[in-house]
Amino acid sequence: MADQTTFKPKTQTKTQLKHPKQYQVLLHNDDFTPREFVVHVLEVVFHKGQEISIQIMWQAHQHGVAVVGSYSLQEAETKVDKVHDMAQHEGYPLMFSLREL
Ligand code: TYC
3 MADQTTFKPK TQTKTQLKHP KQYQVLLHND DFTPREFVVH VLEVVFHKGQ
53 EISIQIMWQA HQHGVAVVGS YSLQEAETKV DKVHDMAQHE GYPLMFSLRE
103 L
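Each residue of the sequence shown is one higher than the one before, counting from 3 in this note's numbering.
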């Protein structure tokens, strides 16, 4: 029999249907990608305004990592694939990752 710590309440399925898992998209700093390009992809792919995009870029630049936003898995993966393609096309090592919430 499952112990208390692994017991899953019957309501879980219902709760997960109402609140599908969210994933944070994280932006990682590197020494090569131009700051303007980072701001550009945040605007175009993540639909962030210019001021917020600059703030997110500086956060990653200064602290190594920044939270871009929270999305469904499909949305997060699509956006990250898109920015990685754009960066690769320009020859930049820009990296994003996902964190399950
Ligand atoms: N550190 C980069 C530079 O000085 C700019 C940069 C910022 C790159 C944020 C990635 O996530 C990043 N050109």
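Note that CB positions come from ideal geometry on N, CA and C, so glycine has one too.
Note that the structure is predicted; figures quoted are calculated from it, not measured.
Classification of residue i by the beta-carbon crowding that lies within 10 angstroms, buried from 16 upward
i      : result
Leu75  : exposed
Leu103 : exposed
Beta-carbon separation (whole angstroms), residue i vs residue j, contact threshold 8 Å
i     : j     : result
Met59 : Val40 : 4 Å
Leu28 : Val70 : 7 Å
Ala68 : Tyr25 : About 15 Å; that fails the 8 Å criterion.
Alpha-carbon to alpha-carbon, residue j and residue i
i     : j     : result
His63 : Asn31 : 5 Å
Ala89 : Pro95 : 7 Å
Leu44 : Gly66 : 16 Å
Ile56 : Val85 : 16 Å
Option in the options with minimal Cα separation from residue i
i     : options                    : result
Pro22 : Asp83, Tyr73, Phe98, Glu92 : Tyr73
Met97 : Gly51, His49, Thr35, Glu77 : Thr35
Lys81 : Gly93, Glu92, Lys50        : Lys50
Opposing strand residues paired with residue i [DSSP bridges]
i      : result
Glu102 : Tyr25
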